[in-house]
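Numbering (the numbering used here), first residue to last: 1 to 244.
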């Protein structure tokens, strides 16, 4: 069974065709995502992944659509992932020979993607915490307390952000539920950073806002109709991962 490894600003995923014979997707995700013993390749800087994307392409739709199911390293499913959806759109565009517009059907509803030099995805608006300096927050230590807090019966991500000293947007760090660790990037967290920045008057509605997670730069535009997330996508490798 061939799989493909992608990352969006360091948020990395194993992509599997949904038609592949994987009887136990949770077990498969726990195995390939393990940072010590999971999938590895000379063309990838990291062992394992932040999740597995099971994708089904519907090329006869206009625009083409992808069904996306994200299974996380702990075997649970996540309704939506911004960087994962961007990777899914790139995967589909390559299969279609260069489609520029694709609809990604997620557990949180359809998201329209635009594929060019970067990949842009339409998003919602989650929440986060603004701090003085993200470098001063011990995210791996604080994250589990928020993730398991009684007020979040289904768990929650923790995203912290701070304004950059050079004035070029915001720094961001995120602890992700399901990954159970800090990740190098979180697209939904970046959208939250931008949305609250606009609400607080730190940034302008309708203008791109630079958000800098550890893995690179994302640009978020907040409008009256929602938000869009733009950033690079890297296809690392394709390899045989076996079955379940």
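All residues carry an ideal CB built from backbone N, CA and C; glycine is no exception.
Between residue i and residue j, what straight-line distance do the alpha-carbon atoms span, to the nearest angstrom?
i, j, result
"residue 204", "residue 122", "18 angstroms"
"residue 153", "residue 70", "20 angstroms"
"residue 85", "residue 176", "16 angstroms"
"residue 63", "residue 87", "17 angstroms"
"residue 118", "residue 13", "17 angstroms"
"residue 170", "residue 192", "11 angstroms"
"residue 142", "residue 24", "32 angstroms"
"residue 235", "residue 139", "28 angstroms"
"residue 135", "residue 186", "17 angstroms"
"residue 94", "residue 150", "43 angstroms"
"residue 5", "residue 208", "28 angstroms"
"residue 241", "residue 92", "20 angstroms"
"residue 181", "residue 173", "11 angstroms"
"residue 194", "residue 41", "35 angstroms"
"residue 132", "residue 68", "36 angstroms"
"residue 20", "residue 3", "10 angstroms"
"residue 127", "residue 82", "Residue placement at residue 127 is flagged as unreliable, the pLDDT there being 49, under the threshold of 50; a coordinate-derived value is accordingly withheld."
"residue 125", "residue 184", "Reliability of the predicted coordinates at residue 125 is poor, the pLDDT of 43 falling under 50, and the value obtained from them is presented with this limitation in mind. Their Cα atoms are separated by approximately 20 angstroms."
"residue 106", "residue 166", "36 angstroms"
"residue 222", "residue 198", "8 angstroms"
"residue 89", "residue 108", "16 angstroms"
"residue 158", "residue 78", "15 angstroms"
"residue 99", "residue 168", "32 angstroms"
"residue 225", "residue 162", "25 angstroms"
On the DSSP bridge list, what partners appear for residue i?
i, result
"residue 34", "According to DSSP, residue 34 bridges with nothing at all."
"residue 165", "DSSP output for residue 165 lists no bridge partner at all."
"residue 200", "In DSSP, residue 200 forms no bridge with anything."
"residue 157", "None; residue 157 has no bridge partner."
"residue 228", "122 and 221"
"residue 110", "105"
"residue 56", "67"
"residue 4", "15 and 238"
"residue 212", "171"
"residue 77", "71"
Keeping to the same chain, check which residues put their C-beta closer than 6 angstroms to that of residue i; ignore five residues upstream and five downstream.
i, result
"residue 48", "33, 34, 35 and 38"
"residue 27", "none"
"residue 7", "234"
Report, in whole angstroms, the separation of the C-beta atoms of residue i and residue j, which I expect to be a contact under 8 angstroms.
i, j, result
"residue 302", "residue 30", "Residue 302 is absent from the structure shown; the chain starts at 1 and stops at 244."
"residue 144", "residue 9", "Between residue 9 and residue 144 the Cβ distance is about 24 angstroms, and since that is not below 8 angstroms, they are no contact."
"residue 80", "residue 188", "6 angstroms"
"residue 230", "residue 120", "4 angstroms"
Closer than 7 angstroms by C-beta to residue i: which residues in its own chain qualify, once you throw out the five before and the five after it? Chain order, please.
i, result
"residue 76", "178"
"residue 59", "96"
Quick one: what's got a C-beta closer than 8 angstroms to residue i's C-beta in the same chain, skipping five residues either side?
i, result
"residue 103", "61, 63, 64, 65, 66, 110, 111, 112 and 113"
"residue 200", "130"
Is residue i near residue j, with beta carbons less than 8 angstroms apart?
i, j, result
"residue 43", "residue 11", "no"
"residue 216", "residue 232", "yes"
"residue 156", "residue 147", "yes"
"residue 55", "residue 17", "yes"
"residue 115", "residue 137", "no"
"residue 218", "residue 190", "yes"
"residue 130", "residue 211", "no"
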